[in-house]
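What follows is one structure encoded as structure tokens, with my remarks underneath.
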Amino acid sequence: MKKWVKDLLLGLSLFAVVASAVVIGMVYVNFSSKRIYEDSTTHLAEVYSQVQRSFFSFSERNWALLKGWNDYIAIAGSDTDIADYIYGKTDYWGFSQFYFISKEGSCIAADGNPEDIDLESESYRLFSEKMPVLTGQTLADGQEVTLFAMPVEHADYKGFGYDAVAVSYTNDDLSSSLNVDAFSGKARCFVLHSDGRVLLSTQSGGSVFANYLVYLKAASDISDGDLDEMQKHWENGETGVLQCKIGEDTHCLLYQPVGFQDYVLLSSVPQNVISAGFLSVQKMTTTVLLVIFLLIGITVTVLVLLRSYKLSRRNRTELMYRERMFDVLSNSVDDIFIMIDANNYGVDYISPNTERLLGIPVHEIREDIRVLEKCAVSLSIVIPKDELAEIPLNGSKYRECECMHQVTGERRWYRMTVYHMSIQNVRKYISVMSDRTLEQQMNQKLQEALNAAQSANEAKSNFLSNMSHDIRTPMNAIVGFSVLLEKDADRPDKVREYTRKITASSQHLLSLINDVLDMSKIESGKTSLNVDRFSLPQLLEDISIMIAPQAKAKGQEFLMHVQGTPPEQLLGDKLRLNQILINLLSNAVKYTQDGGKIDFTVTELQSPAQQYAKLRFTVRDNGIGMSEEFQKEVFAPFSREINSVTNKIQGTGLGMAITKNLVDLMGGIISVESEIGKGSTFTVELSFALPEPEEAEEWFRQKITRLLVADDEEEICLDIKELMSDTGVNVSYVTDGESAVREAVDAHNRGEDYHVILLDWKMPGVDGVEAARRIRAEIGASVPILVLTSYDWSEIEDEARKAGINAFMPKPFFASTFWQAIKPLFFEQVSPAASGDEPDGRVMEGLHFLVAEDNELNAEILTEMLEIEGATCELAVNGKIALEMFEKSEPGHFDMILMDVQMPVMNGYEATREIRACSHPEAKTIPIAAMTANTFAEDVRNALDSGMDGHLAKPINMTAVRALVGKLAGGKKSKKTEDGKE
Amino acid sequence: MKALKTAAALILAALTLFTVSGCSGNENSDALTVMGRKSDMEKSYMTAIFRLYESETGNKLRIIEYEDSEYELKASEMFAKGEVPDIFMHFNNADLKRFNAAENFLYLNGESWASDLTDSATAYCEDPDGNLLGLPFWESSISGCYYNKTLLDSLGLKPAATQAEFDVLCETLAEIGYTPICWPADGCTWMYQFGLDPIFADDDELLEKINANEVSYSEIPAVKDMAEWIAGAAKKGWFGQKYAETGWDGIGEQLGSGEAVMTFIWDTWFYTDFQGGKYTVDDFALMPVFMNTCAGGTYEGGNLNMMMVNKNSEKLDEALNFLAFCAFPEHYNAAFKGISTVSCFKGQTTNIQSDMVTEAAASIKAKERVSTAATRIIGYSAEDVAEAFNSLLSGGTDAEGCVKIMDEKRIEEAKSQGIEGFTD
């Protein structure tokens, strides 16, 4: 049933109940009033019938007394006796005067004095008829009296002939005898003539009424006709009751004949006075009924209220639960709910999670919803009133919006739907802001992933395209020159040329494959760091050795700088750091035009902790540079800037990506600044833990206390002085060659030769070599002279040694490098030419190898190469056979084992572990070197972990083989040589 | 009160254009000096008797007159200097005390004309010791309760003869919608004396005590009775609903329309001020005033201006002859011919007397009292008393407080006059 129908029925029911109560009340009041009126008039009639009887009796008595008294007077002796008799009666009966009245109208009192009594003619008529008379008189003094007269036989008294005797009562006295106390003194009682004239009144204080009929005519609402009828009733001696209104009060008039003459006894009593008793009963009854109804009403109301309260409380509780649950629910989600009153646009409800999600306190939103607008990033959050008003009832409207948290700045996305609905006839707008942040973020990520995938796909496509070109190019050279090699096999010069080009192309192809594999490994997350102690000077020297020739080949100037005093010993992955720096420097060489300049700077930075050193490696070139767009992708894999220059440069596009990943792996940062045509600057910042310091080599302090440094860059001189300050070596420096000569000679002449002289190679004027020559000429060969240079000194080495230079030191200067350089000079008789690193060209001669190689071709190549080196070998096609061959061999039979890693039956690692574990006397000592195409550091580490002593990358580079063999099995060669001599 | 009456008389006197030429400013030293208020001297009957005297006797009169507002002051100054006129005109009121009647004026009980004075006139002109202080030669009217007889008859009602009947009458009239008493409280302050007169006129000793500041109103229960009755009457609606806004002009309107049935006033007012309406002067009759201080009611006798003789005057005989001339029936009848006034002389026949007074003659004879409160109570001021009653009727104070205010005002006025017994 609809609500308005319910309301209507409820209203009608209430109206029916109230109307019924009113009708019942009115019927009751009407009925009771009627009964009250009837009862009260009956009561009034009874009361005044009694008054009438009393007055009648009083009158009859007076007349009877008068008759009796007159009888006595008639026979009394003297006037004096009569007077005394009368006075006695006056005192006894209480009348005010006794009169003797003549039929002529004169009158005397008992004392004989005349009295001014003016009787009406009617009285004399009655006298003549021997009828008693009742009449009123106003005396000369204004006093009003009522006269009772009785006609008597004519007689004389004091000479006055009289025909009637009378007594008078003052109206006040008479009124008091007639007064009726039954009506609280509110009743008026009159003795009237039938024409309305008032004979006497019971009114307290006297009567002011002259004619009550006239009064009623003027002052009451009785019509003239009713008055005439009433007067006729009076004249006819009838009794009656009449209700009229006098002034504001309703009076009840009761009239009845007195019983003689035309006198009427009229009583006028206010209705409310008559009915006072009955009314009080009515009032009481009504009150009781009302109280009963009221109590019933209160009881019903209380019951209804209690029920309503219970329902209300239950509803409130449910509502509270729901609100609480909704609050909890809304707190646990990221959707926002707002309810707005459609009439005043006030906020009725807002979910408590709003402050958490938007950073605006809920109470502020309650005060003014427009504060939400502060959160809006793009579209408005608060829909304007006019737009809300356009939403049809039960309709909705939605919009997407982006919000920003007012405290944290976090962005969130919402889909806001506003519903217009009517709740219990009150229109509301309910706004639901559904959180779309995750969805949005996911979409973004998907988009980014898609973009990345597309980019990667594009990059890979490019890579494949490039690789296709890059691989085909060296392969083409290899294939081509191989064909030419076969064709020109009889021409040694051509063979050497083709072989060199095939080798170069093979090396390039190998580097391509290594990069691809390296990147693949990095991307698969299998790359880890091998942290160990390493020497920074050694690292820099290794780098210099590798890069300087490349730069030199392109006529580029390669300079290495050290700023500050970085620690020489660090903990880190030297191989990876080396790889990072070589990548950067190789690129610099690669993308810098011939004759360009490459600066490599190591800067010591402020470290956040004492146990760490923070270094910045900067590679700056003045090469072709990069576009801004490419700078953003330079570290992405397979990315290469496409232009006319780079197209001519071979590369996989993986170098920088590998570098970036390694830097990330080492917890560092890498950045690039570049400008096309002006060059690029790559900066890598890395932190390294510091190892425990090595014990100082005290012997230096005993042998060397004075050092002369000559460098045209004074800053370098100062750096050296600083670096040596903790060693006890006193450093003197000069900034040119001539000064160096002069200082060395002077010292010599003083007998205070410097223990070591360190000369920069390239100084203006007299360079280091020349200065050395002059010094040697002056002071002889007693003082070691070293040349400090950042250049490749191989070209001048012979000349330098001839000039008397004992050793070379690479820049930058490090104390440890210095010690290593001079150590042989003080303890060994090493010729200057013997300081090179090139392994002995015949280091492998006479050695017998066990070669484990499953690939027949590789085994053949290796066998041939070993033979070329003067060595021999036995082949095993897998690790198990190799193990068995070793176990069966006599001690000293094999000088070294070259172990392929990936082999069937038993791989190289397992075979090595078995060999190391076997009972062969040389099981623990025989050198084992891995031969594998797995060239990563992990592979090297795995090889070492399995018990191998070294690692050779495939394809086999004989230089590397010689170096490794020299290192691992050199001793055996010397022994065999000695044995051979022997 | 007296001022109002005087004002009414002035309107009548204005018809008389005569002035006593030669009286004012007459510097004849042989002439008999007669001193009085300027407005009094200009009354037609006064100018008539002066003119008649001079014409009949050939004697001259020197009339000394001052404006009403300065009369008392000027007269006091003259008396203080011993410059007492041969004939001095003054009302027999409290102010007369300042002129020391015993020392300055001749008692006139022995004069031949004294027996011709009406009883009420004699009573007015005597001091408390019965000494006749002067010859009353003045117009007079009776103040009482004038009621609409026609209206009362039409209502089947009759006038009250007692206070109780009066109260019943008021209650009966109020019950049927009439305003029993027209009580113009706004600016009209003349009624209270009617209530006080019976208290003090019937008790000379009490009058002396109040004038000697030996007793106060607060100590006289009847005064409080009066105040309570007035407050009760107002509360019961006997003064109507708009008495507080009703002023002097409203009396005629309410009586003429029949809205109000009775009012406390004097008969001359009906001939000088009452315009009539539905009801005219012929519809009205007179009954006593009832203010709960006298069961039978009271009438206030007229205030009479007396001619007093300077007992120390060199022209004493001539002055007495002048008074005898004035008191001669032929002369006073000539002077008062056509004047509406109650007679001062028994032989006065040419004056006009209203039917209202005539019809109530018996009642007046029985209940008339000499105007006492307004004329003989020292410090009485109708205006000041009005303040007390206005406060009472507005609910600002009760009956007791009202009486207290009356006392305060009276004593304050007496002090201002320097009356012995009131000053510190």
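In order, the protein sequence lines correspond to chains G and H.
Quick note on numbering: my numbering labels position 617 of the first sequence as 887, and the sequence is numbered without any gaps.
Quick note on numbering: my numbering labels position 195 of the second sequence as 176, and the sequence is numbered without any gaps.
Even glycine gets a Cβ: it sits at the ideal position worked out from N, Cα and C.
These numbers were taken from a predicted model, which means no experiment stands behind them.
- For G/Thr440, the uninterrupted beta strand (DSSP E) segment begins and ends at 430 to 440.
- Going by C-alpha positions, G/Gln413 is about 49 Å away from H/Val15.
- Between H/Ala276 and H/Thr143, the C-beta gap is smaller than 7 Å, which places the two residues in contact.
- Under the 7 Å criterion on CB atoms, H/Ile157 is classed as interfacial with respect to chain G.
- In this structure, the CA atom of G/Leu885 is about 29 Å from the CA atom of G/Gly825.
- G/Ala1181 is the residue among G/Cys1143, G/Leu1127, G/Ala1181 whose C-alpha sits nearest the C-alpha of G/Ile1151.
- Leaving aside the five residues that flank H/Ala145 on each side, the residues in its chain whose CB is nearer than 8 Å to its CB run, in chain order, Ala276.
- Chain H places a beta carbon closer than 7 Å to that of G/Gly412, counting this residue as a contact.
- The three-state secondary structure of H/Phe303, taken from DSSP, is helix.
- Per DSSP, G/Ser602 has no beta bridge partner at all.
- Shown here for H/Gly115: same chain residues with a beta carbon closer than 6 Å to its own, the five before and five after excluded, namely Cys106, Met287, Met288, Met289 in chain order.
- When secondary structure is reduced to three states using DSSP, G/Ala1233 falls in the helix class.
- Of the candidates G/Pro1174, G/Ile974, G/Phe1164, the residue whose Cα lies closest to the Cα of G/Gly1149 is G/Pro1174.
- H/His71 counts as buried, since at least 16 other C-beta atoms from the protein chains shown sit within 10 angstroms of its C-beta.
- The beta carbon of G/Phe1164 is closer than 7 Å to those of His1118, Phe1119, Leu1120, Phe1156, Ile1196 in its chain, skipping five residues each way along the sequence.
- At a cut-off of 7 Å between beta-carbon atoms, G/Val422 makes no contact with chain H.
- Scanning chain H for C-beta atoms nearer than 8 Å to the C-beta of G/Gly495 yields nothing, as the closest lies near 18 Å away.
- No Cβ-Cβ contact shorter than 7 Å links G/Ile817 with G/Phe804.
- Assignment of H/Ser101 by DSSP, reduced to helix, strand and coil, places it in the helix class.
- Taking a contact to require three or more Cβ pairs closer than 8 Å, the region 371 to 381 of chain H and the region 150 to 162 of chain H do not qualify as touching.
- G/Leu924 and G/Ile653 have their C-alpha atoms some 53 Å from each other.
- In this structure G/Lys973 does not touch G/His1018 by the C-beta definition: roughly 18 Å separates them, more than the 8 Å allowed.
- Around the beta-carbon of G/Glu838, 16 or more other beta-carbon atoms lie within 10 Å, marking it buried.
- Collapsing the DSSP output to three states places G/Asp611 in a strand.
- Beta-bridge analysis with DSSP links G/Arg697 to G/Ser692.
- For the region 496 to 515 of chain G, the set of residues with a beta-carbon nearer than 8 Å to any beta-carbon of chain H is empty.
- In this structure, DSSP gives G/Asp1037 a state outside helix and strand, which the three-state scheme calls coil.
- Taking a contact as a CB-CB distance under 8 Å, the pair G/Ile356 and G/Ala380 counts as one, their CB atoms being some 4 Å apart.
- For G/Asn340, not one C-beta of chain H is nearer than 7 Å to its own C-beta.
- With distances taken between CA atoms, G/Val617 lies nearest to G/Lys655 out of G/Lys644, G/Lys655, G/Leu599.
- Residue range 984 to 993 is occupied by the alpha helix (DSSP H) that includes G/Cys987.
- Buried is the label assigned to H/Glu46, since at least 16 other Cβ atoms lie within 10 Å of its Cβ.
- Judged by beta-carbon spacing, G/Val1039 lies beyond the 7 Å limit of G/Ala1077, meaning their Cβ atoms are not closer than that value.
- Against chain G, the beta carbon of H/Val290 has no neighbour under 9 Å; the closest one sits roughly 40 Å away.
- Under the 7 Å criterion on CB atoms, G/Asn481 is classed as interfacial with respect to chain H.
- In the DSSP assignment, G/Leu924 falls outside any beta strand (DSSP E), carrying neither H nor E.
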